[in-house]
Amino acid sequence: MDAPRTLDAAALRGWPLPALDDTADKEARGRLLVVAGSREIPGAAVLAATAALRVGAGKLAIATAESVAASMAFAMPEARVIPLPETPAGGLRAEAVDRLARSLEGARALLVGPGLMDRAATCALVAALLPLARGKAVVLDALAMDAAVHLGRFDEPVLLTPHAGEMAHLTGLDKDAVQRDPQAAAAQAACRWNAVVAAKGPATLIAAPDGGLWRHVGGNAGLATSGSGDTLAGAIAGLAARGAPLAQACAWGVALHARAGEQLAQRVAPVGYLAREIADAMAGVLRDLQA
Numbered sequence: 001m002d003a004p005r006t007l008d009a010a011a012l013r014g015w016p017l018p019a020l021d022d023t024a025d026k027e028a029r030g031r032l033l034v035v036a037g038s039r040e041i042p043g044a045a046v047l048a049a050t051a052a053l054r055v056g057a058g059k060l061a062i063a064t065a066e067s068v069a070a071s072m073a074f075a076m077p078e079a080r081v082i083p084l085p086e087t088p089a090g091g092l093r094a095e096a097v098d099r100l101a102r103s104l105e106g107a108r109a110l111l112v113g114p115g116l117m118d119r120a121a122t123c124a125l126v127a128a129l130l131p132l133a134r135g136k137a138v139v140l141d142a143l144a145m146d147a148a149v150h151l152g153r154f155d156e157p158v159l160l161t162p163h164a165g166e167m168a169h170l171t172g173l174d175k176d177a178v179q180r181d182p183q184a185a186a187a188q189a190a191c192r193w194n195a196v197v198a199a200k201g202p203a204t205l206i207a208a209p210d211g212g213l214w215r216h217v218g219g220n221a222g223l224a225t226s227g228s229g230d231t232l233a234g235a236i237a238g239l240a241a242r243g244a245p246l247a248q249a250c251a252w253g254v255a256l257h258a259r260a261g262e263q264l265a266q267r268v269a270p271v272g273y274l275a276r277e278i279a280d281a282m283a284g285v286l287r288d289l290q291a
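Counting from 1, one number per residue, gives the positions in the sequence shown under the numbering used here.
Spelled out as structure tokens, the structure:
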């Protein structure tokens with residue numbers, strides 16, 4: 001296995017995101033559909049959607065549980081909000097995906113997972129959405145990643161963002177084994193599932209199904225906070241909506257997330273800053289990396 005490429009500032013600047021000039025409208029910056037949030041965890045959708053807009057996505061729609069859709073519309077006035085019927089366990093009913101067909105037609109990227117409940121319902125939802133999302137950039141996070149177990153190899157590459165515990169659950173490996181060699185775990189999973197896999201940790205390993213490998217070291221203990229993963233997933237999806245290929249969107253998203261945490265540790269405290277602040281800090285980090 002080849003050594004992974006290091007994702008430092010020089011590497012990112014040498015791998016620039018798709019350019020946007022001052023005349024680019026919101027359509028040029030890409031549409032994103034976020035399927036996220038539940039009656040118990042509505043804020044996850046807000047965090048992911050905010051991060052997507054902070055990194056430059058142009059148009060945003062959020063599909064969420066009908067019990068929280070009205071409040072979601074007030075929390076995210078920038079987004080169209082689509083209410084979906086719920087299962088008794090708080091998941092989203094897969095049979096309602098026809099409500100999302102029009103939003104998916106014009107979307108460049110799809111994010112599924114932050115804050116969703118009901119594992120079985122979420123896997124069924126992903127299975128119903130994937131045929132409608134052919135040719136789109138698809139990011140699966142949280143419970144939506146279980147589709148890798150239930151569906152097996154994806155027909156088209158998707159992106160998965162597991163931490164060590166989630167990777168152990170998805171692959172059947174021991175968590176300690178994943179932590180000892182995250183590169184091997186990510187590379188094997190990428191090949192097995194036909195997915196870009198970001199094995200998150202103090203050193204995050206990103207593996208692509210074509211054999212590409214990248215390693216990012218950065219961040220701090222403050223990033224291990226509630227909602228932090230939602231902001232990362234949203235940032236990756238937002239960059240994909242702008243037109244970045246999945247591996248590039250993941251690489252930049254991981255770096256922005258870590259550097260935002262580093263800035264907040266200096267400005268606020270090493271721990272105690274909030275996930276919503278991570279999303280807000282990403283815009284300035286992105287500006288500086290693109291300078």
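For each residue, glycine too, the CB sits at the ideal point set by N, CA and C.
- Classified as exposed, A10 has fewer than 16 neighbouring CB atoms from the shown chains inside 10 Å of its CB.
- Taking a contact as a CB-CB distance under 8 Å, the pair A121 and G152 does not count as one, their CB atoms being some 19 Å apart.
- R242 sits in coil when the DSSP states are folded into three classes, being neither helix nor strand.
- With contacts defined by Cβ atoms closer than 8 Å, L33 and A51 do not form a contacting pair.
- In this structure, DSSP gives R13 a helical state, which the three-state scheme calls helix.
- Contact between G222 and V158 fails: their C-beta atoms lie close to 29 Å from each other, not under 8 Å.
- Residues G58, K59, G106, A107, R108, A241 of the same chain have their beta carbon placed closer than 7 Å to that of R31, with the five preceding and five following residues left out of the count.
- From the listed residues A168, G14, L53, the smallest Cα separation to G234 is found for L53.
- Following the DSSP letters along the chain, one finds A57 in no beta strand (DSSP E), marked with neither H nor E.
- In this model, L140 and T161 are separated by some 7 Å (Cα to Cα).
- Across the set L246, G165, T231, the C-alpha of T231 shows the shortest separation from the C-alpha of A279.
- A contact between stretches requires three or more CB pairs, one per stretch, nearer than 8 Å, and the stretch 204–218 meets this requirement with the stretch 241–254.
- Considering only E78, L104, G113, L170, the residue with the shortest C-alpha distance to A65 is G113.
- Residue A124 holds the alpha-carbon nearest to the alpha-carbon of A147 among P4, A124, R276.
- By the criterion of a C-beta distance shorter than 7 Å, C250 is surrounded in its chain by L159, V196, A198, I206, I236, once the five residues flanking it on both sides are discounted.
- H163: not part of any alpha helix (DSSP H); DSSP gives it neither H nor E.
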